[in-house]
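These notes concern the structure reproduced below.
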Amino acid sequence: MSLRTQIMDDLKTAMKAGQSEKVAQIRGITAKLKDLEVAARAKTGEVTEAEIISALRSMIKSRTESATMYREGGRPELAEKEEGEIATIKAYLPPELDEATLKSAIDEAATAVGAESMKDMGKVMAALKERFGADLDPAKASALVKARLSA
289 MSLRTQIMDD LKTAMKAGQS EKVAQIRGIT AKLKDLEVAA RAKTGEVTEA EIISALRSMI
349 KSRTESATMY REGGRPELAE KEEGEIATIK AYLPPELDEA TLKSAIDEAA TAVGAESMKD
409 MGKVMAALKE RFGADLDPAK ASALVKARLS A
């Protein structure tokens with residue numbers, strides 16, 4: 289089942305169950321998917337699973353930042369709402385690679401491309417993206433690659 293189909297099925301299920309908060313969260317996701325489709329019409333006309341996953345990751349990043357700001361601003365109820373949305377979005381992402389696997393993959397990629405300094409970070413990241421595709425969390429990987437290349 290495609291990710292888009294799964295999201296739409298979950299939306300229908302939540303609507304039938306009367307889960308208004310979950311419906312609102314999933315509608316936020318479908319709105320983002322609609323934006324992707326509109327943007328894709330001008331280019332290729334098709335939105336890939338990788339593009340959807342990338343969009344979901346960016347949604348998580350923005351909500352994490354918002355939750356932090358709400359907590360710092362003394363608005364825990366709004367932070368909890370954002371964290372609920374994060375949990376819903378994470379349900380549609382592939383399982384994250386554990387840190388040990390990612391570190392060994394970074395070491396292999398760095399050796400394969402002959403990376404010696406921060407100038408080679410792009411080559412290492414490209415090798416990781418090629419190997420793992422949408423399963424790779426670029427933010428997490430980039431932090432680990434920086435640590436590996438600056439050591």
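As numbered in the numbering used here, residues 289 to 439 make up the sequence shown, in order. Heads up, the beta-carbon is just placed ideally off N, CA and C, and yes, glycines get one too.
Worksheet item: Nearest to K378 by alpha carbon, out of D425, A435 and M303?
Response: D425
Worksheet item: My guess is that M409 and K434 are in contact by the Cβ rule of under 8 Å, so how many angstroms apart are they, rounded?
Response: 7 Å
Worksheet item: With respect to the alpha helix (DSSP H) encompassing D423, which residues constitute its N-terminal and C-terminal limits?
Response: Segment: none, D423 is in no alpha helix (DSSP H) and carries neither H nor E.
Worksheet item: If you compare alpha carbons, which of G362, D395 and K331 is closest to L432?
Response: D395
Worksheet item: What are the boundary residues of the alpha helix (DSSP H) that includes T336?
Response: Neither: T336 is in no alpha helix (DSSP H) and is coded neither H nor E.
Worksheet item: So, helix, strand or coil for L291, using DSSP?
Response: helix
Worksheet item: Short check: CB of L381 to CB of I317, under 9 Å?
Response: no
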